[in-house]
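Participant: For the sequence shown, our numbering gives the first residue as 18, with consecutive numbering after it.
Pasting in a structure now, in structure tokens, and then I'll have a few things to ask.
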Amino acid sequence: MKNNRFILILFIIAIGMFLTGFQLFTNHHLLYLFVLGIIFVGIAIQLKNRFIRTNGLFFGILMILLSVFSTWGIWLAGSILIVYGLSYGRKLIKKYFSADSEWIWKKKRYVSVKLEEPSDRFGTQRQEWIGVQKIGKDTFEWDDINISQLMGDTIIDLGNTVLPNEQNTIMIRKGIGRIRVIVPIGVGVKLCHNAFIGEAKFDGQQLELKNETITMYSERFESSHKKIIIISSVLVGEIEVIEA
């Protein structure tokens, strides 16, 4: 399969080069510009004066690029490669986040609420860029959760805390990875989620996102006394809100 993909990419590139060359030789203006660019580059390489050599190379390369990118062959090949890359990239992402990919769960973050003596609300907490980072220093009084991470998985379990009768906030910013939030039964949930490529699973619904932002409410959000607002953003990944 890898060899077939490599051959296909080479074939697309070869077709693009052929079409580009054909258009250059059939369009005299583009051909003159292309040849002039090559001459500029060739002469500039031989020059000893650094300033003149640099400018000569710049204008020569610029003329070559202008002549090449003025043909529709290069754009056609580039468009096909982009479409193929996006299609294959989505397959890789689905494989990466599939249930069978257990290795990704080896590096995750589990966030739970521990009952400890109240501590000073002010302070700084260092967070890991990649991998496991545990946050569980909340006290009897609820503190909003704010998480940022470059890569890794996050699990937030609210089953061990008593939420106050007001709106509570969870904010998560992530580059790549999964987010799973476990919410007690009876708590109203509002989800505001943005993803470049990913999925959102919430209240029995599953949505596929492509550079989109969604806002969803649980069925009894307005009537619930205790509410959680989840604001999350990921580059590539999925979010799942579970009521348990």
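Virtual Cβ for every residue (Gly too), placed ideally from N, Cα, C.
Here the structure is a predicted model, which means the values were calculated and not measured.
1) Report yes if the C-beta distance between residue 200 and residue 259 is below 8 Å; otherwise report no.
2) Do you know how far the Cα of residue 168 is from the Cα of residue 239?
3) If I follow the unbroken beta strand (DSSP E) through residue 185, where does it start and stop?
4) Anyone know if the C-beta pair for residue 226 and residue 216 falls short of 8 Å?
5) Please report how far the alpha carbon of residue 254 lies from the alpha carbon of residue 220, in whole angstroms.
6) Where do the N-terminal and C-terminal ends of the beta strand (DSSP E) with residue 254 fall, by residue?
7) Thinking residue 37 and residue 90 are a contact (beta carbons under 8 Å), I'd like their distance in whole angstroms, please.
8) Count the other CB atoms, across all protein chains shown, that sit within 10 Å of the CB of residue 151; report buried if there are 16 or more and exposed otherwise.
9) How is residue 238 classed by DSSP in three states: helix, strand or coil?
10) Kindly indicate which residue of 162, 198 and 53 has the alpha-carbon position closest to the one of residue 188.
11) Are there 16 or more other CB atoms within 10 angstroms of the CB of residue 23, so buried, or fewer, so exposed?
12) Whose C-beta lies closer than 6 Å to the C-beta of residue 40 among residues of the same chain, with five residues either side of it excluded?
13) Using DSSP's beta-bridge definition, name the partner residues of residue 222.
14) For residue 233, which residues from the same chain have a beta carbon less than 6 Å from its beta carbon, with the 5 sequence-adjacent residues on both sides left out?
15) Taking only the alpha-carbon atoms, compute the straight-line gap between residue 54 and residue 73 and give it to the nearest angstrom.
16) Thinking residue 81 and residue 51 are a contact (beta carbons under 8 Å), I'd like their distance in whole angstroms, please.
17) Determine the burial state of residue 175: buried for a count of at least 16 other Cβ atoms within 10 Å of its Cβ, exposed for fewer.
18) Is it right to say residue 235 is buried, meaning 16 or more other beta carbons lie within 10 angstroms of its own, or is it exposed?
19) Using a threshold of 8 Å, state whether the C-beta atoms of residue 204 and residue 250 are closer than that.
20) On the three-state DSSP scale, how would you describe residue 71?
21) Reducing DSSP to helix, strand and coil, say where residue 54 ends up.
22) How is the beta strand (DSSP E) around residue 170 delimited, first residue to last?
23) Could you work out which residue in 256, 31, 179 and 84 is closest to residue 222 when comparing CA atoms only?
Facilitator: Considering the structure as presented:
1) As a working note, residue 200 is residue 183 in the sequence shown. As a working note, residue 259 is residue 242 in the sequence shown. For the pair residue 200 and residue 259, the CB atoms are nearer than the 8 Å cut-off.
2) Looking up residue 239 in the sequence shown gives position 222. Looking up residue 168 in the sequence shown gives position 151. Whole-angstrom Cα-Cα distance: 34 Å.
3) For the purposes of this step, residue 185 is identified with residue 168 of the sequence shown, where counting begins at 1. It spans 184–200 - the beta strand (DSSP E) in which residue 185 sits, taken as one unbroken run.
4) By 1-based counting over the sequence shown, the position of residue 226 is 209. By 1-based counting over the sequence shown, the position of residue 216 is 199. In this structure, residue 216 lies closer than 8 Å to residue 226 by Cβ.
5) For the purposes of this step, residue 254 is taken as the residue at position 237 of the sequence shown. For the purposes of this step, residue 220 is taken as the residue at position 203 of the sequence shown. Their Cα atoms are separated by approximately 18 Å.
6) On the sequence shown, residue 254 is found 237 positions in, with the first residue counted as 1. Where residue 254 is concerned, the enclosing beta strand (DSSP E) stretches over 244–260.
7) As a first step, residue 37 must be located in the sequence shown, where it is residue number 20. As a first step, residue 90 must be located in the sequence shown, where it is residue number 73. Going by Cβ atoms, the distance from residue 37 to residue 90 rounds to 4 Å, so yes, they are a contact pair.
8) The residue labelled residue 151 in the question sits at position 134 within the sequence shown. At residue 151 the pLDDT is 49, less than 50, meaning the model places this residue with poor confidence; the figure from the coordinates comes in the next sentence. Looking at its Cβ environment, which holds fewer than 16 other Cβ atoms inside 10 Å, residue 151 is exposed.
9) Here residue 238 corresponds to residue number 221 of the sequence shown, with the count starting at 1. If DSSP states are grouped into helix, strand and coil, residue 238 belongs with coil.
10) For the purposes of this step, residue 188 is taken as residue 171 along the sequence shown, with counting starting at 1. Residue 162 is the option with its Cα nearest to residue 188.
11) Translated into the one-based positions of the sequence shown, residue 23 becomes position 6. With fewer than 16 other Cβ atoms within 10 Å, it is exposed.
12) The residue you call residue 40 lines up with position 23 of the sequence shown. Beyond the five residues adjoining it in sequence on each side, residue 40 comes within less than 6 Å, by CB distance, of 88 and 90 in the same chain, given in chain order.
13) Numbered from its first residue, the sequence shown carries residue 222 at position 205. Answer by DSSP bridge pairing, in chain order: 219.
14) The residue given as residue 233 occupies position 216 in the sequence shown. Closer than 6 Å at the Cβ level, and outside the excluded window around residue 233, lie 208 and 219.
15) The residue given as residue 54 occupies position 37 in the sequence shown. The residue given as residue 73 occupies position 56 in the sequence shown. Straight-line Cα distance between these residues: approximately 9 Å.
16) By 1-based counting over the sequence shown, the position of residue 81 is 64. By 1-based counting over the sequence shown, the position of residue 51 is 34. With 8 Å as the limit, residue 81 and residue 51 qualify as a contact, their Cβ atoms being about 6 Å apart.
17) Numbered from its first residue, the sequence shown carries residue 175 at position 158. Around the C-beta of residue 175, 16 or more other C-beta atoms lie within 10 Å, and the residue is accordingly described as buried.
18) Position 218 of the sequence shown, counting from 1, holds the residue named residue 235. Residue 235 comes out buried.
19) In the sequence shown, residue 204 corresponds to position 187, counting from 1. In the sequence shown, residue 250 corresponds to position 233, counting from 1. Going by beta carbons, residue 204 and residue 250 fall outside the 8 Å limit.
20) For the purposes of this step, residue 71 is taken as residue 54 along the sequence shown, with counting starting at 1. Note: residue 71 maps to helix in three-state DSSP.
21) In the sequence shown, the residue the question calls residue 54 occupies position 37. Here residue 54 sits in helix by DSSP.
22) By 1-based counting over the sequence shown, the position of residue 170 is 153. Residue 170 -> beta strand (DSSP E) spans 170–174.
23) In the sequence shown, the residue the question calls residue 222 occupies position 205. Answer by Cα proximity: 256.
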